[in-house]
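1 is the number of the first residue of the sequence shown in full-length UniProt numbering; add one for each residue after it. Inspection log for the structure reproduced underneath, given as structure tokens.
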Amino acid sequence: SKALLSPFTSTIGLHCGQQVMALRRRHQVPVGEALLGRVIDGFGRPLDGRELPEVCWKDYDAMPPPAMVRQPITQPLMTGIRAIDSVATCGEGQRVGIFSAPGVGKSTLLAMLCNAPDADCNVLVLIGERGREVREFIDFTLSEETRKRCVIVVATSDRPALERVRALFVATTIAEFFRDNGKRVVLLADSLTRYARAAREIALAAGETAVSGEYPPGVFSALPRLLERTGMGEKGSITAFYTVLVEGDDMNEPLADEVRSLLDGHIVLSRRLAERGHYPAIDVLATLSRVFPVVTSHEHRQLAAILRRCLALYQEVELLIRIGEYQRGVDTDTDKAIDTYPDICTFLRQSKDEVCGPELLIEKLHQILTE
């Protein structure tokens, strides 16, 4: 018989013939309120130079809650971001994918989501990022107040593949602890793509064959079990946002397509909008929340439908407007869409530190779309 082992850390100093001993215990993760404001690695060890406080320990790969134990999603979780809350309102316990090409404002959007007013605490995991970016994101992108209610798990790109995979399990386990204690948790994972690439690296080294999009079948079979661990519990909730990197703006590549089918909604970031300086660069027409009808009022849904229709009508005639060939008076709905388009763009743009409450959101939608 033969066993294939994947290293947790660097293999420098190992050689053939060395003895390997089983510890006969499962890997456990530190959990507890004392982790808030701390930065840890993919094994739960502190990275911020301070000792680990008195904490509890949990297995890193718990089973997802049974379907009939979960509470249904009935309450909205307002992010404070107008482009999301207006047309793709998230529900407490929802799982959402953020699909983005590199360099279109993904990290800034994650920082804005960390400020979600309806969340009790955040768990942020950064997988496969450059070390410089991690430090800058923590020190400059996240505010001091946000860091105090956030647990940050980091596995940079130079770490072994097994640690990069383990980091997402560690973050999920910490989020589960807070959920089991009745908290409303926001889990932010950047990125699910780099987790999948690390899992692919391990699987290919073990001899698995790549099938779909250069990924072995084991990667796709592991995703549902991991993603199902988040969501509603008996008392609390984990609202999860997973970023997915897409190559060449291809939203239908195998990994992106599989993740989209497993989640409860998706937010699409547009390079075209980012190039125009429109941030957050959320493509409203391509963004969807599957629980939107459940967690919003009838009035809200009507206003969101009008906003989507105005954007769709404007996009249909945008080229004609730019070349001066559009004739007003042919279609009154299109004329109205053109008139309201600048106000809609202003409404959807938002600075990193700005938070919009639900009452102000509906009021602004009324002003733009019905007056």
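Yeah, the Cβ is synthetic: ideal placement off N, Cα and C, and Gly gets one too. Keep in mind it's a predicted model, so treat the numbers as computed, not measured.
Pairwise C-alpha distance: residue j and residue i
i, j, result
"Gly213", "Ile174", "31 angstroms"
"Gly128", "Arg164", "7 angstroms"
"Val39", "Ala67", "32 angstroms"
"Ile81", "Leu5", "45 angstroms"
"Leu311", "Tyr341", "7 angstroms"
"Val284", "Gln71", "29 angstroms"
"Arg229", "Ser351", "32 angstroms"
"Leu307", "Ile344", "8 angstroms"
"Ser157", "Ile368", "45 angstroms"
"Gly44", "Asn122", "16 angstroms"
"Val134", "Arg328", "51 angstroms"
"Cys90", "His278", "22 angstroms"
"Leu288", "Arg25", "43 angstroms"
"Cys335", "Arg309", "For the sequence presented, residue 335 should be read as Asp rather than Cys. Computed Cα separation, rounded: 12 angstroms."
"residue 453", "Arg200", "The requested residue 453 does not occur in the structure, where the chain is confined to residues 1 to 371."
"Asp333", "Arg349", "23 angstroms"
"Thr146", "Leu77", "17 angstroms"
"Glu363", "Asp48", "43 angstroms"
"Ser107", "Gln19", "44 angstroms"
"Val317", "Tyr326", "7 angstroms"
"Arg166", "Glu176", "15 angstroms"
"residue 374", "Arg130", "Residue 374 is absent from the structure shown; the chain starts at 1 and stops at 371."
"Ala119", "Glu144", "16 angstroms"
"Phe241", "Leu124", "10 angstroms"
"Glu54", "Leu36", "13 angstroms"
"Pro65", "Phe178", "14 angstroms"
"Ile152", "Asp339", "44 angstroms"
"Ile202", "Gln28", "21 angstroms"
"Glu33", "Thr172", "15 angstroms"
"Pro358", "Arg95", "21 angstroms"
"Trp57", "Val170", "11 angstroms"
"Leu360", "Pro293", "20 angstroms"
"Arg260", "His366", "32 angstroms"
"Phe347", "Ser297", "20 angstroms"
Cβ-based burial, residue i [other Cβ within 10 Å; buried from 16]
i, result
"Phe140", "exposed"
"Gly17", "exposed"
"Pro102", "exposed"
"Cys150", "buried"
"Met63", "exposed"
"Leu23", "exposed"
"Glu51", "exposed"
"Arg322", "exposed"
"Ile12", "exposed"
"Ala3", "exposed"
"Pro217", "exposed"
"Ser270", "buried"
"Asp85", "buried"
"Ala206", "exposed"
"Ala198", "buried"
"Leu319", "exposed"
"Thr370", "exposed"
"Thr9", "exposed"
Residue i vs residue j beta-carbon contact at 8 angstroms
i, j, result
"Pro160", "Pro30", "no"
"Val186", "Thr239", "yes"
"His266", "Phe99", "yes"
"Gly231", "Gly93", "yes"
"Ala210", "Leu204", "yes"
"Ala189", "Asp41", "no"
"Pro224", "Leu262", "yes"
"Pro46", "Val355", "no"
"Phe220", "Glu275", "no"
"Leu245", "Tyr215", "no"
"Ala337", "Val87", "no"
"Val330", "Thr74", "no"
"Pro280", "Gly105", "yes"
"Leu168", "Leu227", "no"
"Gly233", "Arg184", "no"
Residue i - partner residues in DSSP beta bridges
i, result
"Asp41", "Val154"
"residue 452", "This structure cannot settle anything about residue 452, because the visible part of the chain is limited to 1 through 371."
"Phe169", "In DSSP, Phe169 forms no bridge with anything."
"Ala189", "Val125, Tyr242"
"Cys345", "According to DSSP, Cys345 bridges with nothing at all."
"Met232", "Ser237"
"Cys90", "Leu77"
"Phe99", "Val244, Val268"
"Tyr215", "Ser212"
"Arg184", "Ser237"
"Pro46", "Ile40"
"Leu288", "His266"
"Ile282", "Leu269"
Cβ-heavy atom distance, residue i to the ligand SAM, below 7 angstroms
i, result
"Gly44", "What this structure holds is no ligand at all, so the ligand SAM is not there to describe."
Neighbour flag for residue i against chain D, beta carbons, 8 angstroms
i, result
"Leu255", "Here there is only one protein chain, and chain D is not present."
Checklist entry - Can at least three beta-carbon pairs, one atom from the stretch 245–254 and one from the stretch 109–125, be found at a separation below 8 angstroms? => result no
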